[in-house]
Every structure is written in C-alpha cells, then in structure tokens.
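Q: In this note's numbering, the protein residues as written are 3 to 218. Positions of the beta carbon are idealized from the N, C-alpha and C atoms, including for glycine. First the structure, which I've put down as structure tokens, then a few questions once you've had a look.
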Ligand SMILES: Cc1cc2nc3c(=O)[nH]c(=O)nc-3n(C[C@H](O)[C@H](O)[C@H](O)COP(=O)(O)OP(=O)(O)OC[C@H]3O[C@@H](n4cnc5c(N)ncnc54)[C@H](O)[C@@H]3O)c2cc1C
C-alpha cells in the first residue's frame, strides 16, 4: 500500500494526535467498516452516496449498476472523496461542550479507475461479497455474463488517505472533574442477530458456515 503521510488535502488540523496516515491503519479501519460514503460534485452540486465496498491491497473497490449516476460519474474521472466510519461509542463528559464519540474513520481522496480485466473483475466481485460475509462467495451462484455486463466495478487508490481514531474516556476541563455529574462511555457495536431463512428456502438446505459463524 502506498499511503505516504499527509498531503495538503488529507492533513487533519483539529486534534491532530488522533490522526494517522499509516497504510496499515488505513487498511485495518477499511476492513472493519461496512459502508463507504462516496462524495462527488455532480452538475455543480455535492452529493454523498452510501455504498458497499471492499479493500484489496492498496485499492478500495466499489461495484454498482452501469446505470448508477455515481458509478458513471466516477468512471468519467472526476475527483471523489470516500469516507468509512466505524462507531465505537458515545463519550459523555461532565460538560456539554466535551461530549464526543469514539470512532475509527478513514477519508480517501482520489480518482477512480474502471476495472475491465476479467480476472480483476472476478477478484473484486468476490472481495465485495466476502467483505460483507467472509468466505461466503464460494457458497453462491457466480454472476452470469448478463449480470457481469450490468455491473460496473471501479477502484480508488489508497494513496491519499487519512485515518482518525478516538478512544477512551472524555477529556474534561480540570475544574469540571469535581462536578456531581456522570461521565464515561457508552460502547457501541453492530451485533449480528440470528440469521432469518428466506421464506422460500428449501428447509433441508443447511446454513453455511460463513453465515453460521458470522460475527461483526
Ligand atoms: C463519528 C464521528 C463524529 C464526529 N463528530 C464531530 C463533531 O460533531 N464535531 C466536530 O468538530 N468533529 C467531529 N468529528 C471529527 C471530524 O470528522 C473532523 O475530524 C473534524 O471536523 C476536524 O476536521 P479538521 O478541521 O481538522 O479537518 P478538515 O480541514 O475538515 O479536513 C482535512 C482533511 O483531514 C482529513 N480528515 C478530517 N477528518 C477526518 C476523519 N474524521 N477521519 C479521517 N480523516 C479525516 C481528511 O483527509 C480531510 O480532507 C467526528 C468524527 C467522526 C468519525
């Protein structure tokens, strides 16, 4: 991976001690996240669209319909900004001013490239599904020629990416520490509940290990 420290666009000004530009940390947060918010300027107006994604090496991949406005805009080579956020908790301070969240977030600035090579496209298809449910791709029907033709795959390099991570208790004003006010953290995480079979599922079909063992 080629993230190489802050650039003019990625330098985090506020609370810089929470910032990192380390490629391994970028990868870890992307792998922990589920949804990418992809921002572009389209027809002079900003728009941010949530998308499923996958990271493979030093590239973040998106897949979408060839009819998608976002995918078509990205394909044209306009600049994009992608954010992935993992929420770890709510941080309650003694003062309203110091309330915050614990989180891990990545911001990527870049320009997308269309993935056309058939072998690369196969890798990305697999990666996107396996990012949602690890090792699940091998249990499903692979995409048909028609489905492949309807799907655009694009990659955004992780060369210009920043990470911000906050963890731990609130940071308080020293004079607030003696106040009789509760302070601390409410940890938050996504939790997978028991899988619900499709009503049309043939009852003898077993739950695959990828689903049975799934945990977020
Ligand atoms: C869940 C969540 C909630 C937040 N809530 C607030 C809030 O309510 N108020 C508030 O002031 N801040 C909040 N933040 C922090 C916010 O994302 C910015 O970091 C903050 O506004 C400081 O930006 P800046 O002026 O230093 O950088 P900017 O000048 O806004 O950004 C410069 C560059 O820094 C990088 N960058 C900025 N923020 C992040 C980030 N979070 N992760 C990775 N790279 C980043 C980007 O590459 C960006 O282009 C929150 C963050 C998260 C993840």
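Could you check what DSSP says for residue 41 in three-state terms: helix, strand or coil?
A: Of the three classes helix, strand and coil, the one that applies to residue 41 here is strand, per DSSP.
Q: For residue 157, report the span of its beta strand (DSSP E) as first-last.
A: 153-159 is the extent of the beta strand (DSSP E) around residue 157.
Q: Excluding the five sequence neighbours on either side, which residues of its own chain have a C-beta within less than 8 Å of the C-beta of residue 14, listed in chain order?
A: Excluding positions up to five away in sequence, the list reads 8, 20, 21, 164 and 166.
Q: Mind checking residue 148: buried by the 16 CB within 10 Å criterion, or exposed?
A: Counting Cβ neighbours within 10 Å, residue 148 comes out exposed, since fewer than 16 surround it.
Q: Is residue 42 a contact residue of ligand 1, with contact defined as CB to any heavy atom under 7 Å?
A: It does not: the Cβ of residue 42 is nowhere closer than 7 Å to a heavy atom of ligand 1.
Q: Using CA atoms only, rank isn't needed, just tell me which of 17, 187, 105 and 153 is closest to residue 68.
A: Checking every option, the nearest Cα to that of residue 68 belongs to 153.
Q: Counting pairs of beta carbons, one from the region 64-78 and one from the region 28-42, are three or more of them closer than 8 Å?
A: A contact exists between the region 64-78 and the region 28-42.
Q: Would you report the Cα separation of residue 70 and residue 130, rounded to the nearest angstrom?
A: Taking the straight line from one Cα to the other gives about 17 Å.
Q: Count the other CB atoms within 10 Å of the CB of residue 47; is the residue buried (16 or more) or exposed (fewer)?
A: Exposed: under 16 other Cβ atoms inside 10 Å.
Q: Kindly list the residues whose CB is nearer than 8 Å to the CB of residue 193, restricted to its own chain and excluding five residues on each side of it in sequence; keep chain order.
A: Around residue 193: 218.
Q: Which of helix, strand or coil does DSSP assign to residue 21?
A: Note: residue 21 maps to strand in three-state DSSP.
Q: Please state the DSSP three-state secondary structure of residue 216.
A: DSSP places residue 216 in coil when its eight states are reduced to three.
Q: Whole angstroms is fine: what's the gap from residue 96's alpha carbon to residue 80's?
A: For residue 96 and residue 80, the distance between alpha carbons rounds to 45 Å.
Q: Per DSSP, which one or two residues make a beta bridge with residue 115?
A: Answer is 157, bridged to residue 115.
Q: Quick check: does the Cβ of residue 105 come within less than 7 Å of any heavy atom belonging to ligand 1?
A: Yes, the Cβ of residue 105 comes within 7 Å of a heavy atom of ligand 1.
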